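Here the structure is laid out as structure tokens; the discussion comes afterwards.
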Amino acid sequence: MTEKIHPIVELLQQDQRFHIEAYQFVREALSYAQEILKMPTAGEEGEHHLTGQQLCEAIRQYCVEQYGFMAKTVLNSWGVHSTSDFGEIVYNLIRIKHMKKSDSDRREDFNDVYDFAGAFEPIFELAGKDED
């Protein structure tokens with residue numbers, strides 16, 4: 066008897082660019098966007114989805130919250146180097162029916178949403194010297 070391979074395992078065998086952690090993280094970031102950032106869910110009235118740009122921003126915020134100064138390093142270790150890679154991950158998950166898309170969604174919506182070089186860098190503010 067032949068065992069059926071789990072869709073995510075099959076996906077990882079077919080497309081080895083990204084680690085399984087990257088796929089799991091994108092799904093967690095979607096939940097984060099819907100629960101913490103109060104972005105729309107599929108069950109709400111009106112717009113029923115996040116745009117590619119909204120999801121990229123949620124991923125950025127969630128990653129910084131989870132990994133702080135190491136956020137970019139962690140993503141890079143999973144094979145993720147640009148917002149375009151988030152699009153590849155999302156559309157791979159759509160293909161295996163682990164995520165859904167609307168008719169208006171396009172893979173290109175994830176291209177160049179922000180520059181990885183600066184998006185995960187900490188912002189330092191230098192306190193000025195009080196003048197008397």
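Position one of the sequence shown corresponds to residue 66 (the numbering used here), numbered consecutively onward.
Here a beta-carbon is modelled for each residue, glycine too, at the ideal position from N, C-alpha and C.
All values derive from a computational prediction rather than experimental measurement.
Taking the alpha helix (DSSP H) that residue i belongs to, which residues open and close that run?
{"i": "Gln-78", "result": "72-79"}
{"i": "Lys-137", "result": "136-142"}
{"i": "Arg-82", "result": "Here Arg-82 belongs to no alpha helix (DSSP H), and DSSP marks it neither H nor E."}
{"i": "Ala-122", "result": "The amino acid occupying residue 122 in the given sequence is Glu; Ala does not appear at that position. Unbroken alpha helix (DSSP H) run through Glu-122: 117-132."}
Checking 9 angstroms against the spacing of the C-beta atoms, do residue i and residue j come in under that value?
{"i": "Val-74", "j": "Cys-121", "result": "no"}
{"i": "Gly-117", "j": "Val-145", "result": "no"}
{"i": "Phe-83", "j": "Trp-143", "result": "yes"}
{"i": "Phe-246", "j": "Cys-128", "result": "The structure shown has nothing for residue 246, since the chain only spans 66 to 197."}
{"i": "Tyr-88", "j": "Asn-157", "result": "yes"}
DSSP three-state label for residue i, please.
{"i": "Gly-111", "result": "Confidence at Gly-111 is low in this model, with a pLDDT of 45, below 50, so its placement is unreliable and the value that follows should be read with caution. Looking at Gly-111 - three-state DSSP - the assignment turns out to be coil, as it is neither helix nor strand."}
{"i": "Val-91", "result": "helix"}
{"i": "Glu-186", "result": "coil"}
{"i": "Ser-147", "result": "coil"}
{"i": "Lys-69", "result": "coil"}
Any beta strand (DSSP E) of 3 or more consecutive residues that is wholly inside the segment 152-181: none
Between the segment 132-148 and the segment 95-103, do at least 3 Cβ pairs fall closer than 8 angstroms? no
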